[in-house]
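Enquirer: So for the sequence shown, full-length UniProt numbering puts the first residue at 1; every next one is plus one. Can you keep this structure in mind? I'll have questions shortly.
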Amino acid sequence: MSISKVITIIVHQSPVHKIRQNKTIWERERERESRRTKTCRNSKTIRSSQLSNSQKGFLLFSQEGLSISSFCANRLLKSEPEFQQMAAQLIREWTSIQQFPAATQEKLVNLLGKLKNEDVNTLTVLVMGKGGVGKSSTLNSIIGDRVVAVSAFQSETPRPMMVSRTRSGFTLNIIDTPGLIEGGYVSDQILETIKSFLGRFLLNKTIDVLLYVDRLDAYRVDNLDKQVVKAITDSFGKEIWRKGVVVLTHAQLSPPDGLNYEEFFSKRSESLLKCVRQGARISKKDIQDFPIPVALVENSGRCNKNENDEKILPSGLPWIPNLVHTITDVALNGSKSIVVDKRLIEGPNANDKGKLFIPLILLFEYLFVVKPIQKWIKDDIARETRPSWE
Ligand SMILES: Nc1nc2c(ncn2[C@@H]2O[C@H](COP(=O)(O)OP(=O)(O)OP(=O)(O)O)[C@@H](O)[C@H]2O)c(=O)[nH]1
Ligand SMILES: [Mg+2]
């Protein structure tokens with residue numbers, strides 16, 4: 001019997017399933033659960049061997065959005081590759097779409113219909129960027145549920161995580177990744193973790209859209225931004241930017257004095273797009289042929305809403321359907337999706353690339369710098385005239 005079947009049975013037979021159908025029992029169970037979570041928090045380590053399979057399955061589902069013992073689930077999943085694998089492969093019905101207001105739901109269903117009409121039945125979106133910029137929050141906003149952990153103060157995404165949802169035969173996969181910077185540099189190790197995750201779960205499948213996330217309310221673009229773009233390009237190829245969307249979070253901001261919102265947005269997006277162009281070494285012509293769209297996002301619960309209860313940008317545009325619309329356009333823009341093959345998984349990453357040239361550079365240095373200097377010193381000594389008192 002497959003692992004997912006076993007878990008489905010466990011969950012259907014678990015009290016959670018029954019509780020969900022009955023609100024008062026559910027409420028009582030939550031109280032009991034919060035007591036259990038406290039006990040978990042107090043115990044220093046949780047070993048998976050201390051848990052039965054049904055408890056593991058139970059925790060797995062709570063990690064995937066049932067919001068029970070998420071603390072315990074987090075701990076278990078962080079330490080258990082086998083269960084990360086199960087979580088990643090779990091495809092669930094996209095029921096949380098019903099959390100959106102009717103107007104948003106209708107637009108989303110229409111967009112999924114548009115993809116299906118073009119024979120696109122699966123869409124895989126890779127979310128990348130620096131740490132703390134709102135990658136996980138954006139994933140949660142698109143799904144309409146808090147499926148991945150979010151934190152203001154520390155990285156809550158230690159390794160990649162794929163969330164898969166189906167609706168009327170269409171599957172949406174979104175891969176959340178850890179921030180690429182560690183200790184002020186692009187981390188090779190994080191890039192390797194992302195690649196090996198893709199190799200495990202998406203081998204010979206495709207990445208159809210890249211969401212490159214940053215904040216709208218950051219005023220400067222620096223060399224580190226360029227390094228992040230370069231690292232993504234070296235790992236996935238220049239072509240990934242043909243499938244790219246620049247996503248700017250914290251969109252509900254007051255621009256600095258002297259600029260109105262539109263001006264601020266256009267300056268910020270221009271400088272980021274320039275950084276992407278330079279970091280990815282894309283020519284001006286290429287970028288004109290394939291402009292990278294920029295989408296604004298406001299993940300905060302304090303985001304303004306319109307009369308239909310949809311979260312809106314300062315311009316009044318409902319941003320969730322707008323973001324999904326942009327994703328759909330990029331998916332259907334005619335350029336090829338990125339195939340996750342062995343070459344991509346095992347290929348060099350940003351910082352490894354130059355290492356191949358190190359022996360050649362050392363040889364060059366020896367032959368054309370060290371050797372001539374040695375010869376020059378020897379000749380000089382030979383030419384030296386001895387003083388008369390010696
Ligand atoms: N006001 C506001 N806060 C946001 C927005 N997006 C994210 N945040 C907050 O920013 C903090 C970091 O968000 P995350 O979604 O965890 O960021 P991340 O990029 O996934 O972070 P790492 O996984 O650590 O790399 C959290 O406190 C979020 O609530 C946004 O659009 N507006
Ligand atoms: Mg995150």
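Glycine is no exception: its CB is placed at the ideal position from the N, C-alpha and C atoms. This structure is a prediction, so every number in the text was calculated from the model and none was measured.
#1: Counting C-beta neighbours from all protein chains within 10 Å, is the total for G279 16 or more, i.e. buried, or is it exposed?
#2: Alpha carbon to alpha carbon, how far is A382 from F368?
#3: Determine contact between the region 207-225 and the region 312-332, defined as no fewer than three beta-carbon pairs at a distance below 8 Å.
#4: Identify every residue that forms a DSSP beta bridge with G301.
#5: Opposite D214 in the DSSP bridges: which residues?
#6: Three or more C-beta pairs under 8 Å: does that hold for the region 234-246 against the region 269-278?
#7: Just to confirm the assignment: which complete beta strand (DSSP E) runs, minimum length 3, are found wholly within the region 149-233?
#8: With a Cβ-Cβ cutoff of 8 Å, do L115 and L126 count as a contact?
#9: D341: which of F201, D222 and P160 sits nearest, CA to CA?
#10: Quick check on this structure: which residue in R343, Q374, K378 and N308 has the alpha carbon closest to the alpha carbon of T104?
#11: F153: buried (16+ other C-beta within 10 angstroms of its C-beta) or exposed?
#12: Would the region 165-179 and the region 127-138 be scored as touching if the rule is three or more Cβ pairs under 8 Å?
#13: Closest to K130 by C-alpha separation, out of R220, V213, L317 and Q288, would be which residue?
#14: From L224 to I358, what distance separates their C-alpha atoms?
#15: With distance defined between alpha-carbon atoms, name the residue in H250, D286, G334 and Y366 nearest to I312.
#16: Does ligand 2 have even one heavy atom less than 7 Å from the beta-carbon of S187?
#17: Counting only the same chain and skipping the five closest in sequence on each side, list residues whose C-beta sits under 8 Å from that of I287.
Expert: From the atom records:
#1: With a 10 Å radius around the Cβ and a threshold of 16 neighbouring Cβ atoms, G279 comes out buried.
#2: Near 21 Å, if we compare the C-alpha coordinates of F368 and A382.
#3: Flag = yes, the region 207-225 and the region 312-332 touch.
#4: DSSP output for G301 lists no bridge partner at all.
#5: The partner list for D214 (beta bridge, DSSP) reads L248.
#6: Contact between the region 234-246 and the region 269-278 is present, with at least three C-beta pairs closer than 8 Å.
#7: Taking only runs of at least 3 residues, the beta strand (DSSP E) segments lying wholly in the region 149-233 are 161-167, 170-176 and 209-215.
#8: No, the Cβ-Cβ distance between L115 and L126 is not below 8 Å.
#9: It is F201.
#10: Nearest in C-alpha terms to T104, of all of R343, Q374, K378 and N308, is N308.
#11: Its Cβ having fewer than 16 others within 10 Å, F153 is exposed.
#12: Contact between the region 165-179 and the region 127-138 is present, because at least three Cβ pairs lie under 8 Å.
#13: Looking only at R220, V213, L317 and Q288, the smallest Cα-Cα distance to K130 is reached by V213.
#14: A straight-line Cα-Cα distance of about 23 Å links L224 and I358.
#15: Considering only H250, D286, G334 and Y366, the residue with the shortest C-alpha distance to I312 is H250.
#16: For ligand 2, not one heavy atom lies less than 7 Å from the Cβ of S187.
#17: Hits under 8 Å: L273 and R277.
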